[in-house]
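Chemist: The sequence shown lines up with residues 1 to 669 when you count with the UniProt record's numbering. Backbone N, C-alpha and C define an ideal beta-carbon position, used for all residues, glycine too. Computed from a predicted model, the values in this text were never measured in an experiment. Got a structure here, written out as structure tokens. Questions coming.
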Amino acid sequence: MVQVYKSTCPLDCWDACSLEVTVDKGEVINIQGDGEHSITRGFICSKGKKHLERTYRDDRLTSPMVKTHEDEWQEITWEKAFELITSKISAIREQDSKRLMYYTDSGHGGLLSSIENYFFNLIGDVTIPVGSLCWSAGMEAQNIDFGMSLSHDYSDVLNSKTILLWGRNPADTAIHQMNYVQKARKTGTRVIAIDPRKTKSARQADEHISIKPGTDGALALAMANHIIKNNLQDNSFIDNHIKGFEEFKELLTSYTIDWAEKETGIDRRKIEELAELYATQKPAAIMIGYGIQRYTNSANTVRAIDALAAITGNIGIAGGGANYANKQAVNYIDDSVFGGDIDRNHRTFPKAKLANFILEENNPPIDMMFITKSNPFLQAPDTNRMYQAFEKVDFKVTIDMFMTDTARQSDLVLPCANFMEKEDLYFTSMGHNYVSYGPKIIEPEYDIKNELDIFTSLADKLNLTEFPEQEAEQWLKQAIKPLEKYKGISLEKLKEKPQRINEPDTIPWADKNFLTPSGKYELYSKKAQEWGLGPIPGYSQPFSTYTDYQNNNMTNYDFYFLTPHHRDSLHSQHFIDRSQDEPGYLYINPEIAAKYRLRENSVIKIASPKGTLSVKIKFDPELRTDTVYMYEGLWIGKGGSVNTLISDALSDAGDQAALYETKIRFVVE
Ligand code: SF4
Numbered sequence: 001m002v003q004v005y006k007s008t009c010p011l012d013c014w015d016a017c018s019l020e021v022t023v024d025k026g027e028v029i030n031i032q033g034d035g036e037h038s039i040t041r042g043f044i045c046s047k048g049k050k051h052l053e054r055t056y057r058d059d060r061l062t063s064p065m066v067k068t069h070e071d072e073w074q075e076i077t078w079e080k081a082f083e084l085i086t087s088k089i090s091a092i093r094e095q096d097s098k099r100l101m102y103y104t105d106s107g108h109g110g111l112l113s114s115i116e117n118y119f120f121n122l123i124g125d126v127t128i129p130v131g132s133l134c135w136s137a138g139m140e141a142q143n144i145d146f147g148m149s150l151s152h153d154y155s156d157v158l159n160s161k162t163i164l165l166w167g168r169n170p171a172d173t174a175i176h177q178m179n180y181v182q183k184a185r186k187t188g189t190r191v192i193a194i195d196p197r198k199t200k201s202a203r204q205a206d207e208h209i210s211i212k213p214g215t216d217g218a219l220a221l222a223m224a225n226h227i228i229k230n231n232l233q234d235n236s237f238i239d240n241h242i243k244g245f246e247e248f249k250e251l252l253t254s255y256t257i258d259w260a261e262k263e264t265g266i267d268r269r270k271i272e273e274l275a276e277l278y279a280t281q282k283p284a285a286i287m288i289g290y291g292i293q294r295y296t297n298s299a300n301t302v303r304a305i306d307a308l309a310a311i312t313g314n315i316g317i318a319g320g321g322a323n324y325a326n327k328q329a330v331n332y333i334d335d336s337v338f339g340g341d342i343d344r345n346h347r348t349f350p351k352a353k354l355a356n357f358i359l360e361e362n363n364p365p366i367d368m369m370f371i372t373k374s375n376p377f378l379q380a381p382d383t384n385r386m387y388q389a390f391e392k393v394d395f396k397v398t399i400d401m402f403m404t405d406t407a408r409q410s411d412l413v414l415p416c417a418n419f420m421e422k423e424d425l426y427f428t429s430m431g432h433n434y435v436s437y438g439p440k441i442i443e444p445e446y447d448i449k450n451e452l453d454i455f456t457s458l459a460d461k462l463n464l465t466e467f468p469e470q471e472a473e474q475w476l477k478q479a480i481k482p483l484e485k486y487k488g489i490s491l492e493k494l495k496e497k498p499q500r501i502n503e504p505d506t507i508p509w510a511d512k513n514f515l516t517p518s519g520k521y522e523l524y525s526k527k528a529q530e531w532g533l534g535p536i537p538g539y540s541q542p543f544s545t546y547t548d549y550q551n552n553n554m555t556n557y558d559f560y561f562l563t564p565h566h567r568d569s570l571h572s573q574h575f576i577d578r579s580q581d582e583p584g585y586l587y588i589n590p591e592i593a594a595k596y597r598l599r600e601n602s603v604i605k606i607a608s609p610k611g612t613l614s615v616k617i618k619f620d621p622e623l624r625t626d627t628v629y630m631y632e633g634l635w636i637g638k639g640g641s642v643n644t645l646i647s648d649a650l651s652d653a654g655d656q657a658a659l660y661e662t663k664i665r666f667v668v669e
């Protein structure tokens, strides 16, 4: 009998779309958007549609496999796989648990897929990465300024007179948000995109302002200077709700429009016009993208943009906001249920420095890696060193659905269930504030397990008696107790339909009670000072602290190298479809192609201080002539890892990878 189930897209995406999954005789035959969800409204992107094909692909991993020789694998039973893992972990625990690294990320958004936290907290003081390849500099910036990162409901842009898409490209990465931006624009809201690339969102905006990569902080500070000089600030908001305005105002005197014109490459009149528009055409919303915080100066960049919103009183009002992330749902999840309250002294290192840490750390060295929900061999910086790093680690275990680059470099691969083959809860920490339930819809066809079963079995075999042996439903009920207590949202309610945590007209910071030490919006922050950012958001030039380029004579590297997300792939996940040995496209301005005598579709090599990569030239006539770009996530051998060219430099806070602080040159052979 044909049945239709509601579920949720589990990908690390802004939108957490509600899905309708049609099943016939135990097999999924269709996946489409759920028309009843008020935000995702029945349409989904190509990545969501691919869940069906990915469930039944021929190359899906179907049983545990152990590497027997270079790229030769042998299927083994789960019993044998567990035996290999537990004997290795037991030996390590007898020596020093820090020899065991567990590495995870956001490849699957289900709450229960974080169960490994509990398991490894029980193992002992292991080694774990901290920080992010994605968003942590901006998160720290908003923690400093506001106390936490909250965003307005997608629909609130309908109240805005002005929208700045500052480094954000929702037309590709958050399609339902772009839907509201477009609606607002149709009713007269002015939409301006600030981006080095003319993205799809920029093409759909009223205006695109092309900015030199990494200089967004300079633009924001010069705008703030111009606003204050022309008395366009909101004095009432400043007097009542801001700490440190006078200090900020004094600092701004050096950030003049003339200076910013040189720094950003934006005409001075345009900077003035933008500042005046933003300050006077209120309410004005800023959508801050994550690309702008992938430089060494990034937390202060986000702080400078937040400051613009604060001094103009665009905080706590409908249609305003400095929208970066949205940590609404996570506040109602009890992470102690997943062992978050176990007092541990784990050894940590920045995620971006994975290769370097493994190669340089010998006290004690890493003997075993356990990798879940991620593909760090490909996605972490410095691919050439990553080969040496993985080589150094004696035993690597990866849980995945497919033989990714990381799985291929591992010694043991465990095949995992996808979101339709297990029960879980989903929410996004970026976009809207719904929490959704995903039931187990089909039985896995093969000998595959979900993370809960894997770690429950391992805990049992290692005699970790504190690890609760309970069904998924029990775990979920315990984890959402705060949600039930404070919002009346129980698991039963979630099973009926996705539930909003707050109504769409709930405006972040409407009460002006900020979660900062002073209770005010903090332009001046002691916390920021302690972290070495300086108490007030200032500006440092990108590349100024980057020794790779200084040691290698930066003038040899001609082009900023950006690696944005592709519309059709969630990081590396959907690039599985690319054919082998096909170089990835490098997008360049045709003027540059003419200068270097490069034809479209010709294959060339490009180089950074970290390595070289073969690429196929593709023209983007609307791109700056000082910038090239290539989509991140292309597999090794299926386009080539952009991280071959990217170093492990860190941003100014949050242990954020400064991935965009990369320059390349064409290799003339
Ligand atoms: S990837 Fe994002 S937009 Fe696409 S279906 Fe999933 S949640 Fe929706």
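Flag this pair as touching only if the stretch 10-19 and the stretch 27-42 have three or more C-beta atom pairs under 8 Å; answer yes or no.
Modeler: Verdict: yes, contact present.
Chemist: Count Cβ pairs between the stretch 47-56 and the stretch 1-13 that sit closer than 8 Å; are there 3 or more?
Modeler: Short answer: they touch.
Chemist: Which partner residues does Leu613 have in the DSSP bridge list?
Modeler: Paired residue(s): Ile606.
Chemist: CB Val191 to CB Ala174, shorter than 8 Å?
Modeler: Going by C-beta atoms, Val191 is not nearer than 8 Å to Ala174.
Chemist: As a quick check of your reading: which residues have a C-beta less than 5 Å from at least one non-hydrogen atom of ligand 3, in chain order?
Modeler: Ligand 3 is absent from the structure shown, which contains only ligand 1.
Chemist: Run the CB neighbour count on Ile342, radius 10 Å, all protein chains shown included, and call it buried at 16 or more, exposed below.
Modeler: It counts as exposed.
Chemist: Using beta-carbon positions only, say whether Lys200 and Asn169 come within less than 8 Å of one another.
Modeler: Cβ atoms of Lys200 and Asn169: closer than 8 Å.
Chemist: How would you write the range of the alpha helix (DSSP H) that Phe82 sits in, first residue to last?
Modeler: Unbroken alpha helix (DSSP H) run through Phe82: Trp78 to Gln95.
Chemist: So, is Ile29 buried or exposed, given that buried needs 16 or more other C-beta atoms within 10 angstroms?
Modeler: Ile29 should be labelled exposed.
Chemist: Sort out for me which residues DSSP pairs His208 with in a bridge.
Modeler: The partner list for His208 (beta bridge, DSSP) reads Ala193.
Chemist: Where does Gln328 sit, in a helix, a strand or coil, going by DSSP?
Modeler: In this structure, Gln328 counts as coil in the three-state DSSP scheme.
Chemist: State the DSSP-derived secondary structure class of Met401, mapped to helix, strand or coil.
Modeler: It is coil, neither helix nor strand.
Chemist: Whole angstroms are fine: how far does the CA of Asp156 sit from the CA of Asp258?
Modeler: So the two alpha carbons sit approximately 35 Å from each other.
Chemist: Would a C-beta distance cut-off of 8 Å place Thr406 and Asn362 closer than the cut-off?
Modeler: Their beta carbons are not under 8 Å apart, which means Thr406 does not touch Asn362 by this criterion.
Chemist: Alpha carbon to alpha carbon, what distance is there between Ile311 and Asn235?
Modeler: Going from the Cα of Asn235 to the Cα of Ile311 covers about 8 Å.
Chemist: Closer than 6 Å by C-beta to Thr383: which residues in its own chain qualify, once you throw out the five before and the five after it? Chain order, please.
Modeler: Around Thr383: Ser641, Asn643 and Thr644.
Chemist: Under DSSP, the alpha helix (DSSP H) around Gly316 begins and ends at which residues?
Modeler: Premise fails: Gly316 is in no alpha helix (DSSP H) and is neither H nor E.
Chemist: Could you name the residues that DSSP lists as bridge partners for Asp24?
Modeler: Asp24 pairs with Glu27.
Chemist: Say whether the stretch 503-513 touches the stretch 145-160, bearing in mind that this needs 3 or more beta-carbon pairs closer than 8 Å, one atom from each stretch.
Modeler: Cβ pair count under 8 Å is three or more, so yes.
Chemist: Going by C-alpha to C-alpha distance, which of Phe377, Glu466 and Phe370 sits closest to Gln388?
Modeler: Checked all of Phe377, Glu466 and Phe370; the closest Cα to Gln388 is Phe377.
Chemist: Give the secondary structure of His69 by DSSP, where H, G and I count as helix, E and B as strand, and everything else as coil.
Modeler: His69 falls in the strand class under three-state DSSP.
Chemist: Are Gly129 and Pro350 touching if we call contact CB-CB under 8 Å?
Modeler: Contrary to the premise, residue 129 reads as Pro rather than Gly in this sequence. Their beta carbons are under 8 Å apart, which means Pro129 touches Pro350 by this criterion.
Chemist: Which of the three DSSP states, helix, strand or coil, is assigned to Met630?
Modeler: Three-state DSSP puts Met630 in coil, outside helix and strand.
Chemist: Just to confirm my understanding: we take Ser136, look at its own chain, exclude 5 residues before and 5 after, and list those with CB closer than 7 Å. What are they?
Modeler: Cβ within range, chain order: Gly654, Asp655 and Gln656.
Chemist: Going along the chain, which residues of its own chain have a beta-carbon closer than 8 Å to the beta-carbon of Val667, five neighbours each way excluded?
Modeler: Taken in chain order, the residues that qualify are Ile604, Lys605, Ile606, Ala607 and Thr612.
Chemist: Nearest to Asn556 by CA position, among Asn601, Pro609 and His566, is which residue?
Modeler: Considering only alpha carbons, the answer is Pro609.
Chemist: Have a look at Phe338 and Ala479 and give me their C-alpha separation to the nearest angstrom.
Modeler: Between Phe338 and Ala479, the C-alpha separation is close to 8 Å.
Chemist: Could you work out which residue in Phe575, Val413 and Lys487 is closest to Gln379 when comparing CA atoms only?
Modeler: Ranking Phe575, Val413 and Lys487 by Cα distance to Gln379 puts Phe575 first.
Chemist: Given a threshold of 16 other Cβ atoms within 10 Å of its Cβ, counted over all protein chains shown, does Val4 qualify as buried or as exposed?
Modeler: Exposed.
Chemist: Rounded C-beta distance between Phe467 and Tyr118? I'm assuming under 8 Å.
Modeler: 6 Å between Cβ atoms; contact.
Chemist: What's the gap between the Cα of Phe43 and the Cα of Ile507?
Modeler: C-alpha separation (whole angstroms): 26 Å.
Chemist: What number of angstroms, rounded off, separates the C-alpha of Gln142 from the C-alpha of Ala528?
Modeler: Straight-line Cα distance between these residues: approximately 11 Å.
Chemist: Between Glu632 and Thr563, what straight-line distance do the alpha-carbon atoms span, to the nearest angstrom?
Modeler: C-alpha separation (whole angstroms): 5 Å.
Chemist: What would DSSP say about Tyr180, mapped onto helix, strand or coil?
Modeler: Tyr180 falls in the helix class under three-state DSSP.
Chemist: My output table needs one value for Glu522: the three-state DSSP class, helix, strand or coil.
Modeler: Strand, per DSSP.
Chemist: If Ile123 and Ile89 are in contact, beta carbons under 8 Å, what's the gap, nearest whole angstrom?
Modeler: Right, their Cβ atoms sit about 7 Å apart.
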